[in-house]
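Asker: Please see the structure below; I have some questions.
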Amino acid sequence: MSFKDFWKGCKEGFANFGHDIANIVNFILLLFVYITAIAPTKLVAKLFGKQFLDLGQDNKASNWVKNKITKQPYESYLRRF
Amino acid sequence: MFILGISCYYHDAAACLIKDGKIIAAAEEERFTRKKHDTRFPINAINFCLKEARITGNQLDHVVFYEKPLIKFERILSQHIQAFPFSFPTFFKTIPSWLNEKLRIPRTLKKRIGYKKDILYLDHHLSHAASSFLVSPFKKSAILTIDGVGEWATTTMGIAEDNNITLKKEIHFPHSLGLLYSTITAFLGFKVNNDEYKVMGLSPYGKPIYYEKFKKIITLLKDGSYKLDMSYFVYHYRSKMPSRKLSKLLGPPRKPESKLEQKHKDIAASLQKITEETIYHMLNQLYKETKTPYLCMAGGVCLNSVANGKIKKNTPFKHIFIQPAASDAGTALGAAFYVYNTILDNKREYVMEDAYFGPEFSNKSIKKFLNENSIKHSEFKDDQDLIKTTASLIWKNKVIGWFQGKMEWGPRALGSRSILSNACNPNMQEILNLKVKHRECYDEKTEILTRDGWKFFSELKKNEEVATLNPKNNELEYQRIEKKVKHNYTGNMVHFKNKRIDLMVTPDHKVWAKHITNHQKGHAYEKKFTLIYANDLLGKEHVQRKAIHKWSGKEKEHFSLPKIRKSKYDPRPQINRISMDLWLEFLGYYLSEGSITYHEGHYRIYIAQSKHSKYYRRIEMCLNKIAKWNYNVGCFRLCHKQLFEYLSQFGKANDKFIPRELLELSERQLRILFGALMCGDGTSRGKQLKYTTVSNRLAENVQELGIKLGYSVSTLKDKRRNPNHNDIYSVRLNKGSEISWVRKSQSFLEKYSGKVYCVSVPKYHLLCVKRNDKIVFSGNSFRPFAPAVPAEDAKKYFELDKEDEKFMLFVYPIKKAYHKKIPAVTHVDGSGRLQTITKQQNPLYHGVIKAFGKHSGIPIVINTSFNIRGEPIVCTPYDAYRCMMGTGIDYLIIGNFLVKRADNPKDMWDSEGLAKD
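Residue numbers (my numbering), protein chains in the order written: chain S, 49 to 129; chain X, 175 to 1091.
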């Protein structure tokens, strides 16, 4: 095995190690966010009967959402929402 | 003014650059990265666009993104909150990519292309709507967009006039027709966002008997909207799509690669029916509201060409426009045009007449590529030469890789990166499927009969001749193989196994079989053998062919026994020529019962046979004509050095074989040899014969002999316990039955991981194969391809309700009179997904089809995408050449050059191993 191959292997190994560490950190952080942000929001929403998705449980006569999308001023297209 | 439209991060990343309202370049990222449906930031597509315009990123006037990322992110978070706590796995999977890249578009653009100005963001469905209307020929039009999901909207409808588009209403996630289609695609064991077209293609084979059940899933409301019963789905909080309730309603979901039953086809047919009904329901409402006969459609669902083809019949709309990249890739184009025409209020001047916006390669660069890689090629004199030669090659049933001009925009090959072939040849579907699309194969244990005897597929040489069955007269014919197919396969194989058949093939393999319809009433079988998908035979009673009717070998009068050096004191004359019939009889006796010995200068040949045997007289008469003999201790004994020398090649009992040249003789002469063999080691009971030998090679030769004499053949191997004893091979030959009945329980699925093989031959495509020494004739699979026809001739062959169909997005019925004349492009329901072409759009392509029409009388060619299975359509000359060498494409017409596959060394370019499922 040449030094080049050895070095390449080391680099790949470290990259994989970094990946695994990132996954673990991500998991911990996202679990924290999930518990501290998503969970309370869900609880509060449940208390007030708020539905975030319309799952169609009510017997509506129409499922259209009227939302007139038409030409807006230029600046409005700069927004990401 | 340069405007760049970008779509990415969901599926089908793409970029489109327009200059002063005209398309400069547009392409999907997958074509450059060679990763199908690549979703990543389309840096290669953007670089290509900038290169075409000869500008850099900071010279762009506007960059527009196809959707509003924060609104989409809001929807994603809403899903997670709604489904708490079940949504954590998807939360963990999706959120990092949002934080890392999807919400950081300005930073990415600055870093990757140096664009520092503001970025515009449009609504997802507005981009869809713009992609269709703003490049359509209509001044005013109704608009319907349907796809999986954008930000919140899954379906929108509205109206557009001049430069303005107004989307008046929308249906919100999770109610989505696109996601319903994808859910059933997943339910049927196919890949979501990739295989929806397969479900559409499957639908004509089924009956919509699940339609009423689908009505429970989707409800059409009076005002043209629809809603889904979300209890049948879990896609709003899981990465899976169907719920358990859906399985209760439709039965268990099909596992990927497992048996495709009639039930699955019926589900596909029912889904297609409800999808069409929902689309027409919305369109009828849209017409009521807009009162315009013009319609523009966009979104992934609008790639459903079967539904598109029936819109005019089922709705009042008379003029329809769908852009070729109707899925998310097209939003890059729509977003760019919306900025130019609507936001900046520039007049609409552009109408999309063709889809050629991708990379183009000059003759000079192609020549350079060919020369640098030492690829043998020839150059056409002019365009007329190119057209004439190509048409003539297509007429000669050659498969042509067609690489001309700018690459197409959208998922269809439209005459720039296409594979062209003869639509009038009924075998062309099969040839294409086998040569190009890498479908249907046999497992590693399967052997095939060749001129040199039985061989495993892996042992086949280039240009080897293999045994095939002519289905017209059931004659065995040898054909030279054109292509050997080999690829890795992991998944289920269909295994047919009984006493006489052992066949293991991929589920999409076609088996030469007949269904058993009603064996109680004497109408046991369908009249004719046909090629039936192995999947469709699973668990069904059917028969497979095991024997032929005719073999036309060559009759030979004499056999020349090689001369030997003879002692001058030996008075006996040498045998020079001997009647072939006599020799075959003698050899038959010898191979079954003979042996040789040498002792003190005596060259002895023995043929054992009891004096009381009924064959004694026959052998005696034969030997009388060969040489002097005597009879001693139950054996005929000949002393003959010349014969001895020749027979010594056959060795001992376990080495014996029939010389290859004798197996090519006529049926009459083979019968003599066979008769003599059977006198020795054969037994018979009625029409059933059994030949027993300890030589594996001889057993294989007898199998071949039996096949050529019209027997159905299978062999049993009797393993001896004592390792010093040879195994015994019993070749069972049956004249009574040329078919084998496969019971319901005798076909099943089996997990397989390894190489699978097949070969292509010029005609018939029925190969003589065996597995575990059980011989059967089996075929290959095919799927119909799309026709390309000059626009001026389209109405003659298709029931077309408009002047042209440029983008292959509509399926139309083929006129009945032509169903049999263009079988390769006629679907099972008599329809075809055609592309019309005019001289203005693509003069070379148009010219070739017209010139082909002069040969065939019908100016229609097969047009299929130029790609290796599992890869995107080819983009560069390198991709095209690699694809040709890795598949069975015969010629590549690349720019002004003709490359013949056979002229170039294949190994270094062989991409068979690259073919993916």
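Every residue gets a Cβ at the ideal spot worked out from N, C-alpha and C, and that includes glycine.
How is X/Asp855 classed by DSSP in three states: helix, strand or coil?
Answerer: Three-state result, X/Asp855: helix.
Asker: So does the segment 702-721 of chain X actually touch the segment 927-936 of chain X, counting three or more Cβ pairs closer than 8 Å?
Answerer: Verdict: no, contact absent.
Asker: For the beta strand (DSSP E) containing X/Gly151, name the first residue and the last one.
Answerer: Any property of residue 151 of chain X remains undetermined from this structure, which presents chain X solely from 175 to 1091.
Asker: Using a Cβ-Cβ cut-off of 8 Å, state whether S/Thr118 counts as contacting chain X.
Answerer: Yes, contact with chain X.
Asker: Please report the straight-line C-alpha distance between X/Trp569 and X/Leu1018, rounded to a whole angstrom.
Answerer: Roughly 17 Å separates the two Cα atoms.
Asker: Chain S beta carbons: is any one of them nearer than 8 Å to that of X/Leu606?
Answerer: Chain S contact via Cβ: absent.
Asker: Alpha carbon to alpha carbon, what distance is there between X/Lys909 and X/Tyr903?
Answerer: If I take the Cα positions, the gap works out to 19 Å.
Asker: Does the distance from the CB of X/Val1073 to the CB of X/Ile549 come in under 8 Å?
Answerer: Yes, Cβ-Cβ distance for X/Val1073 and X/Ile549 is below 8 Å.
Asker: Is there at least one Cβ from chain S nearer than 8 Å to X/His346's Cβ?
Answerer: It does; some Cβ of chain S falls within 8 Å.
Asker: Around the C-beta of X/Lys1041, are 16 or more other C-beta atoms found within 10 angstroms, so that it is buried, or is it exposed?
Answerer: Reading the sequence as shown, one finds Asn at residue 1041 of chain X and not Lys. Under this definition X/Asn1041 is a buried residue.
Asker: DSSP beta-bridge partners for X/Leu469?
Answerer: Answer is X/Ala316, X/Ile494.
Asker: Residues in the same chain with beta-carbon distance under 8 Å from X/Lys695, minus the five sequence neighbours each way, listed in chain order, please.
Answerer: In this predicted model, X/Lys695 has a pLDDT of only 45, less than 50, meaning its place in the structure is not dependable; the value taken from the coordinates is given anyway. Closer than 8 Å at the Cβ level, and outside the excluded window around X/Lys695, lies no residue.
Asker: Going by DSSP, what residue range makes up the beta strand (DSSP E) through X/Trp576?
Answerer: Run containing X/Trp576: 574-577, per the beta strand (DSSP E) assignment.
Asker: Is the Cβ of X/Phe266 closer than 8 Å to any Cβ of chain S?
Answerer: Output row for X/Phe266: interface = yes.
Asker: Could you give the first and the last residue of the continuous beta strand (DSSP E) run that contains S/Lys59?
Answerer: Here S/Lys59 belongs to no beta strand (DSSP E); instead the alpha helix (DSSP H) covers 51-81.
Asker: Once you ignore the five residues that flank X/Val985 on each side, which residues in its own chain have a CB closer than 6 Å to its CB?
Answerer: So the qualifying residues of the chain are Ser479, Val480, Gly483, Ser1005, Arg1007.
Asker: Looking only at its chain, what residues have a beta carbon closer than 7 Å to the beta carbon of X/His993, apart from the 5 residues adjacent to it on each side?
Answerer: Excluding residues within five positions, the ones whose Cβ falls inside 7 Å are Thr1000, Gly1004.
Asker: Can you list the residues of chain S that X/Pro243 reaches, using a CB-CB cut of under 7 Å?
Answerer: Residues of chain S passing the Cβ test: Arg128.
Asker: If you draw a straight line from the alpha carbon of X/Glu835 to that of X/Gln653, how long is it in whole angstroms?
Answerer: Straight-line Cα distance between these residues: approximately 17 Å.
Asker: According to the Cβ coordinates, are X/Val573 and X/Ile540 closer than 8 Å?
Answerer: No, the Cβ-Cβ distance between X/Val573 and X/Ile540 is not below 8 Å.
Asker: With a cut-off of 8 Å, does the C-beta of X/Asn875 fall near any C-beta of chain S?
Answerer: With 8 Å as the cut-off, X/Asn875 does not count as an interface residue toward chain S.
Asker: If we require 3 or more residues per run, which beta strand (DSSP E) segments fall completely within the segment 210-258 of chain X?
Answerer: As far as the segment 210-258 of chain X is concerned, its whole beta strand (DSSP E) runs of at least 3 residues are 236-239.
Asker: Would you identify the three-state DSSP class for X/Asn520, choosing helix, strand or coil?
Answerer: Coil.
Asker: Classify X/Met1082 as buried or exposed, calling it buried when 16 or more other Cβ atoms lie within 10 Å of its own Cβ.
Answerer: With a pLDDT of only 48 at X/Met1082, under the threshold of 50, the placement of this residue in the model should not be trusted; the figure read from the coordinates follows. Its Cβ having fewer than 16 others within 10 Å, X/Met1082 is exposed.
Asker: In this structure, does DSSP put X/Gln920 in helix, strand or coil?
Answerer: X/Gln920: helix per DSSP, three-state reduction.
Asker: Of the residues X/Glu731, X/Pro1051, X/Asn900, X/Asp744, which one's Cα is nearest the Cα of X/Arg871?
Answerer: Ranking X/Glu731, X/Pro1051, X/Asn900, X/Asp744 by Cα distance to X/Arg871 puts X/Asn900 first.
Asker: Quick one: any contact between the segment 294-301 of chain X and the segment 237-255 of chain X, if contact means 3 or more CB pairs under 8 Å?
Answerer: Segments in contact, yes.
Asker: Does any CB atom of chain X fall closer than 8 Å to the CB of S/Asn64?
Answerer: Not closer than 8 Å to any Cβ of chain X, the Cβ of S/Asn64 fails to qualify, so no.
Asker: Return the CA-CA distance between X/Lys688 and X/Ala721, expressed in angstroms with no decimal places.
Answerer: Whole-angstrom Cα-Cα distance: 14 Å.
Asker: As a quick exercise: from X/Val525, X/Ala587, X/Ile317, X/Gly1069, pick the residue whose alpha carbon is nearest that of X/Lys196.
Answerer: Cα-wise, what sits closest to X/Lys196 is X/Val525.
Asker: 8 Å is my cut-off, CB to CB: does S/Leu78 come that close to chain X?
Answerer: It does; some Cβ of chain X falls within 8 Å.
Asker: Going by DSSP, what residues sit across from X/Tyr663 in a beta bridge?
Answerer: X/Tyr663 pairs with X/Gly928.
Asker: Span of the beta strand (DSSP E) holding X/Asp676?
Answerer: 676-679 is the span of the beta strand (DSSP E), which, as asked, contains X/Asp676.
Asker: Is the number of C-beta pairs between the segment 392-402 of chain X and the segment 107-116 of chain S that are closer than 8 Å three or more?
Answerer: These segments touch.
Asker: Here's the rule I'm using: 16 or more other beta-carbon atoms within 10 Å means buried, otherwise exposed. How should X/Gly473 be labelled?
Answerer: Under this definition X/Gly473 is a buried residue.
Asker: Which residues, in chain order, does the segment 267-291 of chain X contribute to contact with chain S at a C-beta distance below 7 Å?
Answerer: Those would be Ile269, Pro270, in chain order.
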